Amino acid sequence: MSDPLVGSRYELRIDSEGARESEVVHDYFAVHPADIEETPEQDDLVGYVHSYEIGSTVDGPGIRFVAFLSGCLLRCQYCHNPDTWHKRNGYPVTVSRAMEEVAKYAHVLKVCRGGITLSGGEPMVQRPFALRIFRRCKELGLHTCMDTSGRLGERFTDEDLMDIDLNLLDIKSGDPDIYEKVTRQPLQPTLDYAHRLSSLGRPMWVRFVLVPGLTDGYDNVERVADICAGLKSLERVEILRFHQMGSDKWRELGLDYTLKDHEGPSPELTERVRKQFRDRGLTVF
Ligand code: SF4
89 MSDPLVGSRY ELRIDSEGAR ESEVVHDYFA VHPADIEETP EQDDLVGYVH SYEIGSTVDG
149 PGIRFVAFLS GCLLRCQYCH NPDTWHKRNG YPVTVSRAME EVAKYAHVLK VCRGGITLSG
209 GEPMVQRPFA LRIFRRCKEL GLHTCMDTSG RLGERFTDED LMDIDLNLLD IKSGDPDIYE
269 KVTRQPLQPT LDYAHRLSSL GRPMWVRFVL VPGLTDGYDN VERVADICAG LKSLERVEIL
329 RFHQMGSDKW RELGLDYTLK DHEGPSPELT ERVRKQFRDR GLTVF
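Written out as structure tokens, the structure is:
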């Protein structure tokens, strides 16, 4: 009998290989070559999965089966899943094994107008695995979503994007300097990806994490809103209010959590930011 696939986004999971890797590479913030190498194509691809969540209502339309893949290039100051940054923080799963699990829920996901969402970490890191899952889900008639920063969008061909019904695209700042301060990565690849989705007419929801004192500057929000206003296939903007739910993981990993004393945005600030998007005729949640 195969092992059950369990887990939640709030579970700390580091497998033995990941732990060994952390001992060898002392800088946990570094992007290890193994984190971003392309998986070679093979019959039953192996991907690295951190955890699953079944029944999510916040990762796309309807009820979702969410697979959190491991591996990410960004190092967001507010990340609530720092235990997914390295690919080997996850555990190896073949496409067929993952699809066995998805298939169990396929009927109910369709009835609930939901589907599957690949999140992370950053699903783009594991492009062939992600695409194989999306293709198999489309064959089951399931709606597919990818929660992504777009950082590795250039890895995806236009044809690849046709199997992704909805991109949940994180735009973490509209100001390149603030973006780099928040994520340690450049903004431009995300913008390139957003504009490509727009020109291809591929639906997207943009997500913006509102952190007082970091991303909440009026001009920064104006820039994100301007970017969004220029995206033809944008269906909605989601303002995600900063919270401290990830702080325990930073502590358990022995990482310095620079936002440990930060509070979430006030209702007034949240409303000001929402209004900046609404003023451009955007649908905001
Ligand atoms: S992109 Fe997501 S998983 Fe990666 S560091 Fe940022 S918040 Fe964490």
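Each residue of the sequence shown is one higher than the one before, counting from 89 in my numbering. Where a beta carbon is used, it is the ideal one built from N, C-alpha and C, also for glycine. Since we're looking at a predicted model, the values are computed, not measured.
Give me the Cα-Cα distance between residue i and residue j, rounded to the nearest whole angstrom.
i: residue 112; j: residue 120; result: Only weak support is given to the placement of residue 112: the predicted model assigns it a pLDDT of 43, under 50, and the value that follows is read from those uncertain coordinates. For residue 112 and residue 120, the distance between alpha carbons rounds to 11 angstroms.
i: residue 319; j: residue 258; result: 14 angstroms
i: residue 363; j: residue 311; result: 14 angstroms
i: residue 246; j: residue 349; result: 43 angstroms
i: residue 214; j: residue 263; result: 28 angstroms
i: residue 178; j: residue 140; result: 11 angstroms
i: residue 110; j: residue 211; result: Any answer about residue 110 is weak, because its pLDDT of 42 lies below 50 and its placement is not dependable; what the coordinates show is given next. Their backbone Cα atoms lie some 21 angstroms apart in a straight line.
i: residue 308; j: residue 329; result: 16 angstroms
i: residue 239; j: residue 292; result: 15 angstroms
i: residue 196; j: residue 261; result: 36 angstroms
i: residue 103; j: residue 173; result: Unreliable positioning characterises residue 103 in this predicted model, as indicated by a pLDDT of 42, which lies under 50. A coordinate reading is not provided.
i: residue 372; j: residue 355; result: 15 angstroms
i: residue 365; j: residue 332; result: 25 angstroms
i: residue 339; j: residue 116; result: 13 angstroms
i: residue 345; j: residue 125; result: 28 angstroms
i: residue 360; j: residue 224; result: 42 angstroms
i: residue 244; j: residue 189; result: 25 angstroms
i: residue 175; j: residue 118; result: 12 angstroms
i: residue 226; j: residue 347; result: 40 angstroms
i: residue 336; j: residue 235; result: 23 angstroms
i: residue 267; j: residue 351; result: 20 angstroms
i: residue 145; j: residue 280; result: 28 angstroms
i: residue 306; j: residue 202; result: 35 angstroms
If residue i sits next to residue j, beta carbons under 8 angstroms apart, how far is it from one beta carbon to the other, in whole angstroms?
i: residue 77; j: residue 231; result: Coverage of the chain is limited to positions 89 through 373, which leaves residue 77 absent and any answer about it impossible.
i: residue 208; j: residue 164; result: Incorrect: roughly 12 angstroms between the Cβ atoms, too far for contact.
i: residue 278; j: residue 237; result: 6 angstroms
i: residue 297; j: residue 166; result: 6 angstroms
i: residue 300; j: residue 216; result: With a Cβ gap of about 39 angstroms, residue 300 and residue 216 do not count as contacting.
i: residue 157; j: residue 137; result: 6 angstroms
i: residue 282; j: residue 315; result: 7 angstroms
i: residue 241; j: residue 181; result: With a Cβ gap of about 24 angstroms, residue 241 and residue 181 do not count as contacting.
i: residue 269; j: residue 229; result: Actually they do not touch by this definition, with Cβ atoms about 43 angstroms apart.
i: residue 313; j: residue 272; result: In fact, because the Cβ distance is near 24 angstroms, the residues do not count as touching under 8 angstroms.
i: residue 304; j: residue 343; result: The pair is not a contact, with the Cβ atoms about 23 angstroms apart (cut-off 8 angstroms).
Would you call the CB atoms of residue i and residue j closer than 8 angstroms?
i: residue 219; j: residue 233; result: no
i: residue 249; j: residue 288; result: yes
i: residue 132; j: residue 183; result: yes
i: residue 151; j: residue 200; result: yes
i: residue 341; j: residue 171; result: yes
i: residue 148; j: residue 302; result: no
i: residue 295; j: residue 323; result: no
i: residue 65; j: residue 317; result: Because residue 65 is not part of the residues shown, which for the chain are 89 to 373, the question remains open.
i: residue 153; j: residue 204; result: yes
i: residue 191; j: residue 155; result: no
Residue i bridges to which residues according to DSSP?
i: residue 153; result: 142 and 204
i: residue 296; result: 327
i: residue 136; result: 180
i: residue 233; result: 205 and 254
i: residue 372; result: 325
Cβ of residue i versus every heavy atom of the ligand NAP: is any distance shorter than 7 angstroms?
i: residue 237; result: This structure simply doesn't include the ligand NAP; it includes the ligand SF4 instead.
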